[in-house]
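As you go down the protein sequences, you meet chains S and E in turn.
Add 858 to a position in the first sequence, counting from 1, and you land on the number used in my numbering.
Add 324 to a position in the second sequence, counting from 1, and you land on the number used in my numbering.
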Amino acid sequence: MSDEHENKSGYQAQSSETIHAQSSEAITGSGSGIAPDMDYVRPAELPEQDLYHPHSFIEKWVFCQDAKVIGVQYFLTAVFTGIVGLILSWLMRLQLGFPGLAGFITAEHYYQFVTMHGMIMVVYFLTALFLGGFGNYLIPLMVGARDMVFPYVNMLSFWMFFVAVVVLMASFFVPGGPTGAGWTLYPPQTILEGTPGHGWGILLMLISLSLFVIGFTMGGLNYMITILQARTRGMTLMRMPLTVWGIFTATVLAMLAFPALLVSSIMMTLDKLLGTSFFMPTILKAGEVLEYGGGSPILFQHLFWFFGHPEVYIVALPAFGIVSDLISVHARKNIFGYRMMVWAIVGIGALSFFVWAHHMYVSGMNPWFGFFFASTTLIIAVPTAMKVYNWILTLWRGNIRINTVMLWCLGFIVTFVNGGITGIFLGNVSVDVPLSDTYFVVAHFHMVMGIAPLMVIMGAIYHWFPLVAGKMLNEKLGKWHFWITFLGAYSIYFPMHYLGFIGVPRRYYEMYDSPYMTSGVGLNEFISTAAFIVGAAQLFLVFNIIKTMKTGKKAEQNPWKANSLEWYTSTVPPEHGNFGDRLPVVHRWPYDYNVPGAEQDYLPQTAAPSEVAHTEVEKT
Amino acid sequence: MHVGIIFFLIILGSVLFHIFTPWYWTDIASNWQGMDDTITLTFWIGGGVFVAVCLFMIYCLFKFSYKEGRKVEYKPEDKKLEKILTWATTLGIAALLAPGLIIWNQYVNVPKNALEVDVMAWQWGWQYRLPGEDGKLGTTKVTNINDENPFGINVDDPFGRDDILVQSDYINLENNKPVKILLRSVDVLHNWYVPQFRSKMDAVPGIVTFYWFEPNKIGEYEVLCAEYCGVGHYAMRGGVEVQSTKDYNVWLSEQETFQDLIAKNETLEFEDNKLAKNNNINLKQDIYKEE
Ligand code: HEM
Ligand SMILES: [Cu+2]
Ligand SMILES: [Cu+2]
Chain S
859 MSDEHENKSG
869 YQAQSSETIH
879 AQSSEAITGS
889 GSGIAPDMDY
899 VRPAELPEQD
909 LYHPHSFIEK
919 WVFCQDAKVI
929 GVQYFLTAVF
939 TGIVGLILSW
949 LMRLQLGFPG
959 LAGFITAEHY
969 YQFVTMHGMI
979 MVVYFLTALF
989 LGGFGNYLIP
999 LMVGARDMVF
1009 PYVNMLSFWM
1019 FFVAVVVLMA
1029 SFFVPGGPTG
1039 AGWTLYPPQT
1049 ILEGTPGHGW
1059 GILLMLISLS
1069 LFVIGFTMGG
1079 LNYMITILQA
1089 RTRGMTLMRM
1099 PLTVWGIFTA
1109 TVLAMLAFPA
1119 LLVSSIMMTL
1129 DKLLGTSFFM
1139 PTILKAGEVL
1149 EYGGGSPILF
1159 QHLFWFFGHP
1169 EVYIVALPAF
1179 GIVSDLISVH
1189 ARKNIFGYRM
1199 MVWAIVGIGA
1209 LSFFVWAHHM
1219 YVSGMNPWFG
1229 FFFASTTLII
1239 AVPTAMKVYN
1249 WILTLWRGNI
1259 RINTVMLWCL
1269 GFIVTFVNGG
1279 ITGIFLGNVS
1289 VDVPLSDTYF
1299 VVAHFHMVMG
1309 IAPLMVIMGA
1319 IYHWFPLVAG
1329 KMLNEKLGKW
1339 HFWITFLGAY
1349 SIYFPMHYLG
1359 FIGVPRRYYE
1369 MYDSPYMTSG
1379 VGLNEFISTA
1389 AFIVGAAQLF
1399 LVFNIIKTMK
1409 TGKKAEQNPW
1419 KANSLEWYTS
1429 TVPPEHGNFG
1439 DRLPVVHRWP
1449 YDYNVPGAEQ
1459 DYLPQTAAPS
1469 EVAHTEVEKT
Chain E
325 MHVGIIFFLI
335 ILGSVLFHIF
345 TPWYWTDIAS
355 NWQGMDDTIT
365 LTFWIGGGVF
375 VAVCLFMIYC
385 LFKFSYKEGR
395 KVEYKPEDKK
405 LEKILTWATT
415 LGIAALLAPG
425 LIIWNQYVNV
435 PKNALEVDVM
445 AWQWGWQYRL
455 PGEDGKLGTT
465 KVTNINDENP
475 FGINVDDPFG
485 RDDILVQSDY
495 INLENNKPVK
505 ILLRSVDVLH
515 NWYVPQFRSK
525 MDAVPGIVTF
535 YWFEPNKIGE
545 YEVLCAEYCG
555 VGHYAMRGGV
565 EVQSTKDYNV
575 WLSEQETFQD
585 LIAKNETLEF
595 EDNKLAKNNN
605 INLKQDIYKE
615 E
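Spelled out as structure tokens, the structure:
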């Protein structure tokens, strides 16, 4: 093995001699007192990863193997789909708030918009952004690795995702248009006449999803193995930043959940193309019996939600992790109950595979399942609540910088708690009966998995922008961006719950003049107006980025005075290989802020014990 | 400072909105008051937690906002506090889950005396079938469905003959009499939902699903389809009229049974045949004339 390493360029793979040299250096002095001993780090067991260096523009920026560039590529592609999703939501809100104003929005179009909006936002925007975007950029930096362990596969992963997005977008232009089956794609309706896009549209959707899963698997293997195998010396699992824990657990969930989506996509494709009947019972359409028979529509729902529920946590867990780190850094205080936080992340992840049928209480499955799934669902609320307590307890007796990043975190706490509480309504079987399939559900999931993770994404952008681009985003614009987005989004979704109480069903193109609904007209107009404003307010961020790149203040090396490794790279922004000649060695967890006795209010993860012998740091 | 105040106003606004909202649930018209009560309970406990968490956060903003050199607590863990919080949360959750499960138990156990109503759904409409004098519904099959047998009743099932057929989106129900809704669909998923009754269930092609309720307020209500079923989903409406026993019985006696329908079809068929024969004869005569 090591022979191969030697003749490659770039970071020299250290031959076994150098490894020995390093370790003996670390051991020298042992025996003469305690001080040198306490800095001891075990010798490196493996030679360092050697990196592939690009030879051309295309290799550097297009088919790039540097996880940081791949991260940015994922990020930009996901944001592009997010913008499409946002525009679709505007069109829907236009129809709902002001029916008939835009004559071109027919019922067919409306359902196509709902479907594409939902699928794009959940899968192509949030999942790709958190795992592909933040995951790629941050994992190697935060665990102290030079890159992902399989850079080539990582590059393929992005391009597979890219093709999936192209296929998805192509479905807007095929005969019949994109599928309008709802993002849950429930058969039999999905592939039958009567649903818009039941020909080409649904096929492209299923193909695109399959490609996404394949691409994601390549990336996911990388994230998992990098975290398990490529951590730098001293970076024990219990010293990893919670961001890494969140992304790691989410990736494991994704690797277990996405196969269910893949098989159900394939089975449905077969039902559509070859006339198999996995999900298709005997069906009578326009007076004729179709050539299907014996299949089970509910089987699809089980498969879909076996993927779909963990999917919620695939989005939520990285958000939990990131927000924990942001809160700790900007409150200048250690995260409260780190071990509890880690176990909560892992526990929530594991439990999330036992709750899927809470989406199916009124689906016609055996009603006795309700008891089991209601209990497991409410049990998940306990670790989730613990995480919330720990976030606010981290603020307590801290020294809170109220900057743009912190504002997004606070916005996250409010919207997440709000959405979490309404989740307890919906998880509690019999309470779900009147509320399921109404706007209460729409409000709930937007609050908890739309707005709350979006708050974290925004906070993360303001937090890590200096690292990625080397410049500080403008605080004043950032605050305007935050307040308009947060207040606007809250006033879209908080009152929307009450439409659900009235009984307005979701996925309704038009309410007509249902007797109890006329009172909701004004509310719908208000919600739509707020939605237009919130969407437009995102221009603050675009403008901020453009302005900052042109005239912004240059960022110092570690502008937020954070502890985790991504801020201790050899250059800012970090270059290929991340850490210069030598990988950092880690001596502590990333949350040593305001340690009693320390000179500064932070201790980098790399600070050796002998440097801080005079402090009262707890063993981590 | 400002930040704390704005967040405080948001929380205050949310609570005030909840108290004074003109948009809240429609007056209940069934026995499922327990669902509403559990929702109210969840609002108290859940809403309380929401307000408490947010107020604590706001307090921290006022009390601990950045000051150079502020003394910050360094205490990575607090076992006791974490334990208290875990148990308190578990208790709160259990208090919510218990009534939820009790009511679900009622929901899945249908009272013996419930009237069975067959609700048949298709893209995009409803029709209904009630048991006749024998009190039993006849069995059905999708493949039996045709113009003469719109419900697909098995013709040789003796229970089916006297079934009462309501070929309309509108149905009448008797006040204070429990009904067991039996749902079936001939094509895709649907869901027969009346907001005032609080209850719902999907109709799934291939199987029969059920739920029950007891209407307890005379009046007319709108039926909405609550499971996406294609472009016509939003227009798939119907209606229910809850009537006093007397009015209901009058209505019931005016409805046609499967037997009536068969008889009507036979006379129709007979007339059709006669017509056809006559036509043939006429045709033949025409042909003869030509020759
Ligand atoms: C401010 C931005 C947003 C607005 C105004 C908005 C608006 C809407 C509207 C009007 C619907 C259709 C409701 C219906 O007819 O049933 C909808 C559905 C949906 N949205 Fe959003 N949305 C936004 C952001 C998001 C985000 C960030 C997510 C990510 C989780 C998301 C996920 C979904 C999903 C999964 C559906 C359900 C689609 C379906 O019923 O098949 N939305 N949204
Ligand atoms: Cu779920
Ligand atoms: Cu429907």
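Every residue, glycine too, gets a C-beta built ideally from N, C-alpha and C.
Please read all numbers here as calculations on a predicted model, not as lab measurements.
Taking C-alpha positions only, Glu906(S) is separated from Thr1109(S) by approximately 25 Å. Below 8 Å, too few C-beta pairs join the stretch 540-553 of chain E and the stretch 381-397 of chain E to call them touching: fewer than three. Listed along the chain, the chain E residues whose CB falls inside 9 Å of the CB of Asn1421(S) amount to none; the nearest CB is some 13 Å away. Contact between Ala1115(S) and Pro1168(S) holds, with the beta-carbon distance rounding to 4 Å and staying under 8 Å. In the DSSP assignment, Cys1267(S) falls within the unbroken alpha helix (DSSP H) covering Thr1262 to Gly1285.
At least one heavy atom of ligand 3 is found less than 7 Å from the C-beta of Glu551(E). Shortest gap from the CB of Val1213(S) to any heavy atom of ligand 2: under 7 Å. Judged by DSSP in its simplified three-state form, Trp516(E) adopts strand. Against chain S, a Cβ distance below 9 Å from Lys524(E) picks out Val1220, Val1291, Pro1292, Ser1294 and Asp1295. The beta carbon of Leu497(E) sits no closer than 8 Å to any beta carbon of chain S. A straight-line Cα-Cα distance of about 14 Å links Phe1020(S) and Leu1062(S). A distance criterion of 7 Å places the beta-carbon of His1321(S) beyond contact range of ligand 1, judged by its closest non-hydrogen atom.
Listed along chain S is no residue with a C-beta nearer than 8 Å to that of Leu415(E); the closest approach is about 10 Å. Cβ atoms of Glu406(E) and Met1198(S) come within 8 Å of each other, at about 6 Å.
The C-beta distance from Gly1317(S) to Val1181(S) rounds to 7 Å, short enough to meet the 8 Å contact threshold.
Assignment of beta-bridge partners to Ala527(E) by DSSP yields His514(E).
Look at Met560(E): its beta carbon is less than 7 Å from one of the heavy atoms in ligand 3.
Excluding sequence positions up to five before and after Thr939(S), its CB lies within less than 7 Å of the CB of Ile978, Tyr982, Phe983 and Val1023, all in the same chain and listed in chain order.
Across the structure, Lys1412(S) and His913(S) are spaced so that their CA atoms are roughly 29 Å apart.
Distances from the alpha-carbon of Ser1029(S) to those of Ile1360(S), Met1307(S), Ile1065(S) and Met1082(S) put Ile1065(S) closest. For Leu1043(S), no alpha helix (DSSP H) encloses it, and the DSSP letter there is neither H nor E. Under the Cβ distance rule, Phe1352(S) counts among the residues neighbouring chain E, one pair being separated by less than 8 Å. Residue-level contact by beta carbon fails for Ala1388(S) and chain E, as no gap is shorter than 8 Å. In terms of Cβ geometry, Ile488(E) and Arg522(E) do not form a close pair [threshold 8 Å]. Among the bridge pairs identified by DSSP, Ser389(E) is matched with Ile1258(S).
The bridge partners DSSP lists for Thr1296(S) are Pro1363(S). Apart from the 5 residues on each side of it in sequence, Ala1088(S) sits with its Cβ closer than 6 Å to the Cβ of Ala1003 and Val1007 in its chain, given in chain order. Pairing Gly1358(S) with Ala1420(S) gives a Cβ-Cβ distance that is not under 8 Å.
When only Cα atoms are considered, Tyr1451(S) and Glu1333(S) end up about 23 Å apart. Contact between Phe1352(S) and Ser577(E) fails: their C-beta atoms lie close to 51 Å from each other, not under 8 Å. Assignment of Glu546(E) by DSSP, reduced to helix, strand and coil, places it in the strand class.
Under DSSP, Thr581(E) forms a beta bridge with Ile488(E). Taking C-beta separations shorter than 7 Å and ignoring five residues to either side along the sequence, the partners of Ala438(E) in its chain run Pro502, Val503, Lys504 and Trp536, following chain order. When 7 Å is used as the limit between beta carbons, Asn1276(S) is near these residues of chain E: Phe374, in chain order. Within the stretch 1031-1118 of chain S, the alpha helix (DSSP H) runs of at least 4 residues that lie entirely inside it are, in chain order, 1058-1087. With contacts defined as CB atoms closer than 8 Å, Asn1261(S) and Ile1193(S) fail to qualify as a contacting pair.
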